Amino acid sequence: MVRGGSSGEDAGVTTETSAGDSLAGRLAAIVGAANVLTDADLRATYETDWTRRFTGSARLVVRPASTGEAAAVLRECTAAGAAVVPQGGNTGLVGGGVPRGGEVVLSTRRMQELGPVDTVAREVIVGAGVTLAQLNEHVRPHGLRLGVDLASRDSATLGGMVATNAGGINVLRHGMMRAQVAGVEAVLADGRVVSRLTGLKRDNTGYDLAGLLAGSEGTLAVMTRLRLRLVPSFPKVAVALMGMPDVAAAVDIAAMVRASLPSLNAAETFFAPGLELVCRHAGLAAPFAREYPVYLLLEAADINDPAPALAEVLAHVDAPDTAFATEPRDRARLWAYRERHTEAISKEGVPHKLDVALPLASLPEFVERVGRAVTEADPGARAILFGHIADGNLHVNVLGPEPDDERVDEAVLRLVAGMGGSISAEHGIGVAKTRWLHLTRSAADIAAMKAVKAALDPKGTLNQGVIFGD
Ligand code: 2HG
Ligand code: ZN
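Everything in the sequence shown is counted per our numbering, starting at 22 for the first residue and increasing by one.
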């Protein structure tokens, strides 16, 4: 398993074991003894990430329930020189939300506020520990939902989704998580609280702190409350799954449908090897009698049934095998082929997850070259690709290499950078990709980001090692 920094002194911030920890007592006075976990068994689920690739032991886990408690916890930790790793639903895939060794894990899951829904502004204030599914349940009676949706909706917390600027399946229509944020309340490392929750549409009064904190991966502040924009939850939904001869065809059709169908919600892709894994591990029958190299899944949603318009657009496409679904069960059946990739891959082993973006025009060439790059770097490695095709975002999951053997990561990320892409489309840098940040961010960019980090967290309390490395 990959472990980051070792326990001990590091840049003035200490990490140590929980035995005889006086900090634990001081934190218990703030959040209650039941919310300071020092026992190894109780800490365990906070210490390993979803992929099982990243793990480290925590000094303790502390679970504040409010901004005030989080502020007192951070004040105490920074004063004690204790390193802190903020954690939401622990669904991150780049090792940015689990300890590297000896840090305090600050879990936001108890921040469960669900504020009244402002149906005029279409906004709501929620606690950082509310999950995406909980939020959608809360706002559904008003015909609303969050504009970002993703497969880990039942566990991913909104604080974590903002902190990582999560993407998911509806980005082509509603943008990424930063675009859903109307305001945040967050605690800086020294316990000071920055709060912009008024929701004013026009408020040009200096730096946009909410925009800066979105995507900062827990390195600048701990998000505690969020004011989120909502979008209509359209009642009528249509899904189409098509077999494609190659990626170029899938890219072209997705672009054509996007240009002519404003109700398009999602355009996703997966390939034959991933489909085989999903069918085997989830016990699903293949979607079509014939196997295709590439599959394209489209979803449209509107007030009126978008199925006729979707079918009309697709009538001009040469795709003999197309499955349509409008009923929830049938739609879920088609979506399962795409959404169950992550789980099926994890059943095969511990993957290296390389979440990358390419210019759309380069996607076919990338797909052709990436398989070769992977096997040249490690002949025993196997790449499974899938992703959000309309945004040029592919998830290259590699099975085979040991968790800390980075030869394949190096080959794929260099290929991506050489083709004008991004080494992280939506999952973030975490600790997984710090070595390659320089491939797609200039020295001036990195220096500016480090200056912001040093200004907001001068003692380096928050998420040491994430984004920039050690
Ligand atoms: C998805 O699109 C998620 O399903 C997870 O971003 C991707 O498992 C992955 O690599
Ligand atoms: Zn994704």
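Just so it is clear, CB atoms sit at the ideal spot from N, CA and C, and this is done for glycine as well. Fair warning: this is a prediction, and the values are worked out from it, not measured in the lab.
{"Item": "Spatial neighbours of Ile-190 within its chain, please: C-beta separation below 7 Å, excluding the five flanking residues on both sides.", "Value": "Asp-170, Leu-171, Ala-287, Glu-289 and His-409"}
{"Item": "Are the CB atoms of Val-215 and Met-277 nearer to each other than 9 Å?", "Value": "no"}
{"Item": "So, helix, strand or coil for Gly-449, using DSSP?", "Value": "coil"}
{"Item": "Measuring only from the beta carbon, is Val-189 closer than 8 Å to any heavy atom that is part of ligand 1?", "Value": "The displayed chain sequence assigns Gly, not Val, to residue 189. Yes."}
{"Item": "Taking CB distances under 9 Å as the criterion, tell me whether Arg-161 reaches chain D.", "Value": "Protein chain content of the structure displayed is limited to a single chain, and chain D is not contained in it."}
{"Item": "Just to confirm, is the Cβ distance from Arg-403 to Pro-314 under 9 Å?", "Value": "no"}
{"Item": "In angstroms, rounded to a whole number, what distance separates the CA positions of Leu-384 and Gly-188?", "Value": "19 Å"}
{"Item": "Taking 8 Å as the line, does the beta carbon of Ile-450 fall inside it for any heavy atom of ligand 1?", "Value": "no"}
{"Item": "Is the beta carbon of Gly-490 sitting closer than 9 Å to the one on Val-115?", "Value": "no"}
{"Item": "Does the stretch 319-329 touch the stretch 253-273, meaning 3 or more C-beta pairs lie closer than 8 Å?", "Value": "yes"}
{"Item": "Would you check if there are 3 or more beta carbon pairs closer than 8 Å linking the stretch 394-402 to the stretch 419-435?", "Value": "yes"}
{"Item": "Could you pull out every residue in the same chain whose Cβ sits closer than 7 Å to the Cβ of Ala-476, ignoring the five residues on either side in sequence?", "Value": "none"}
{"Item": "Check whether the Cβ atoms of Asp-139 and Gly-220 lie closer than 9 Å to each other.", "Value": "yes"}
{"Item": "Out of Glu-158, His-163 and Pro-162, which one is the CA nearest neighbour of Ala-174?", "Value": "As written in the sequence, residue 174 is Arg, which differs from the Ala given in the question. Answer by Cα proximity: Glu-158."}
{"Item": "If we call anything under 9 Å between Cβ atoms a contact, is Ala-235 one with Arg-199?", "Value": "yes"}
{"Item": "Since I believe Val-82 is in contact with Val-126 (beta carbons under 8 Å), could you give me their beta-carbon distance rounded to a whole number of angstroms?", "Value": "4 Å"}
{"Item": "Excluding five sequence neighbours on each side, which residues of the same chain lie with their C-beta closer than 7 Å to the C-beta of Gly-164?", "Value": "Pro-253 and Ser-254"}
{"Item": "In chain order, what residues of the same chain have a beta carbon less than 6 Å from the beta carbon of Ala-91, not counting five sequence neighbours either side?", "Value": "Pro-85, Val-208, Val-243 and Thr-245"}
{"Item": "Out of curiosity, what's the CA-to-CA distance linking Arg-143 and Arg-250?", "Value": "6 Å"}
{"Item": "Compute every distance between the C-beta of Asp-399 and the non-hydrogen atoms of ligand 2, then say whether any falls below 8 Å.", "Value": "no"}
{"Item": "Measuring from the CB of His-416, is there a heavy atom of ligand 4 at a distance below 8 Å?", "Value": "Although ligand 4 was asked about, the structure shown includes only ligand 1 and ligand 2 as ligands."}
{"Item": "To the nearest angstrom, how far is the alpha carbon of Arg-354 from that of Ala-438?", "Value": "36 Å"}
{"Item": "Between Pro-479, Leu-156, His-362 and Glu-423, which lies nearest to Thr-176 when the distance is taken from Cα to Cα?", "Value": "The displayed chain sequence assigns Ser, not Thr, to residue 176. Here the closest residue by C-alpha is Leu-156."}
{"Item": "Mark Val-105 as exposed unless 16 or more other C-beta atoms lie within 10 angstroms of its C-beta, in which case mark it buried.", "Value": "buried"}
{"Item": "Classify Tyr-316: buried if its beta carbon has 16 or more other beta carbons within 10 angstroms, exposed otherwise.", "Value": "buried"}
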